[in-house]
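Here's the structure we're looking at; comments come further down.
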Amino acid sequence: MLQKTLCRILGCALLSYGSSALAFTLIELPENSPSSSTTDSLTLQSQVQPVAATIRSQILGHLRPRGSKKASQVGGLMLAGNAPASDVNFLAAAAGDSSAPGSGTSAGNSEALWISTAINNVENDFSRTAFYGATQNLLVGFDLTRSNKYVAGVSLGYEASNFTTKFNTGNEKTRGFNINPYFAWLISDTWSLDMILGYGDFQTRQTRTIGTGLLTTLPVNSDFDSKRGLASSNLTNVSTFGNWKLTGSLGYLWSRRENDAYMESVPFPLGNTVPESKQTLKQWNLLGEVAYGSGNAEAFFGATYESTQDMQKVILTSGLGAQPANDPSSVLLTAGWRYFATKGLSANFMFSGRVSQNDYKEQYGFSMLLRMDL
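Residue numbers (the working numbering): 174 to 547.
Below, the structure written as structure tokens:
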């Protein structure tokens, strides 16, 4: 009954999502704008998604078969829910069958530490706003499971973004830290509902080059502080068929970045006084993943369709020529390998790439995660 009810909720959400019109907000920019004025409308997605995706992988790791005594003894072993049913005995043996009833993982209670690193290479190939670079994330987290039903945790992260802005012969570098509490309700052996929150504080330094005469140029520098909020929620179903596992979910990601006002290193008319600004991301996502496992490992392939609502579109007000595509939708492809070792140690390696989005793309991404039960 619960599964049918949740399926109806998913169906209604998808109908509403598919029928809603995509609104947008216009941002008019001259082509001599500072770097962040152009990149901010695109890079917020690339900066928050690795954080949300990494934390979510911790939560999905707790959605596991719990229909037998040995399955419950697996306890907090990371990604046990991603292991085929045939591997439950192996995982239970790794956790230890001798635990006393009502204690430790046999009571459905566990604690774990994890660490993750991710790098994503991005590029915007539209000539009038062209830039390329990479985002890097390092996250360290702790979570606890209670009664095999509730998961709560927190992560601390360091972020770095480096972009070469070809459109103004400049660059942009951002550094900062974030903190992200998260919670999940393991509704049943196959369903889960999660919530991820986050707050980050960052500093950006950038430069651009302007022409001052025949064959002469001048670098224009600036720096500013910013803060970022994050909220994500996902309803997920994991179904196992022998050695095969199918995962599907419907999720929503919200983020807002607020930049402080700043002044460039040279005065007007060569430089600009830039007022404070805000960028908001509102995105629905629909995930499908298939995995095949044997022994203590599994390989997986997934695709996530993402659609941005109320997109902030960039319009160039100076010069003639085409305008940026401002494409609100894309597909993120993922493939990787998960390994379930003994003594509560697990690992996850994943490659990713973004397709089906005009102008902007993630050429490639790589992430690695290690988790140890305490």
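The C-beta atom is built at its ideal place from N, Cα and C for all residues, glycine as well.
1. On a CA-only basis, which of Gln536, Glu449, Glu535 and Asp367 is nearest Thr409? Give me that one, please.
2. Give a yes or no on whether the C-beta atoms belonging to Ala434 and Glu449 are separated by under 7 Å.
3. Skipping 5 residues on each side, what residues in its chain have a beta carbon closer than 7 Å to that of Gly475?
4. Helix, strand or coil: which one does DSSP assign to Phe340?
5. Once DSSP output is grouped into helix, strand and coil, what is the label at Pro223?
6. Does DSSP put Gln231 in a helix, in a strand, or in coil?
7. Going by DSSP, which residues form a beta bridge with Gln482?
8. Nearest to Leu419 by alpha carbon, out of Arg381, Phe473 and Trp457?
9. How big is the Cα-Cα spacing for Lys400 and Asn416?
10. Look at Ser428 and Leu403 and say whether their C-beta atoms are less than 7 Å apart.
11. Look at the alpha carbon of Ser283 and the alpha carbon of Phe441, and state the distance between them as a whole number of angstroms.
12. Does the beta-carbon distance from Phe539 to Phe524 come in below 7 Å?
13. For a quick check, are the C-beta atoms of Ser412 and Thr377 less than 7 Å apart?
14. Spatial neighbours of Tyr331 within its chain, please: CB distance less than 7 Å, with the 5 preceding and 5 following residues excluded, ordered by chain position.
15. I need the straight-line Cα distance from Glu535 to Asn499, nearest angstrom please.
16. Nearest to Gly517 by alpha carbon, out of Lys346, Trp287, Gly314 and Ser328?
17. Measure the alpha-carbon distance for Pro465 versus Phe414 and round it to whole angstroms.
18. Anyone know if the C-beta pair for Ala325 and Phe299 falls short of 7 Å?
19. If you drop the 5 nearest sequence neighbours on each side, which residues of the same chain put their C-beta closer than 8 Å to that of Pro223?
20. CB-CB under 7 Å to Asn335, same chain, minus the five flanking residues each way: which ones, in chain order?
21. Using CA atoms only, rank isn't needed, just tell me which of Val447, Ser405, Thr380 and Tyr372 is closest to Val393.
22. Using a 10 Å radius around the Cβ and a threshold of 16 neighbouring Cβ atoms, would you call Val295 buried or exposed?
On the basis of the data shown:
1. Asp367
2. Cβ atoms of Ala434 and Glu449: closer than 7 Å.
3. Leu460, Gly461, Glu462 and Thr507
4. helix
5. Residue state for Pro223 is assigned as helix, using DSSP reduced to three classes.
6. helix
7. Partner(s): Lys455.
8. Phe473
9. Answer to the nearest angstrom: the Cα atoms are 44 Å apart.
10. yes
11. 60 Å
12. yes
13. no
14. Leu311 and Phe350
15. 15 Å
16. Trp287
17. The displayed chain sequence assigns Tyr, not Pro, to residue 465. Roughly 10 Å between the two C-alpha positions.
18. no
19. Excluding residues within five positions, the ones whose Cβ falls inside 8 Å are Ala291, Asn293, Thr308, Asn310, Gly538 and Ser540.
20. Gly306, Ala307 and Lys346
21. Thr380
22. buried
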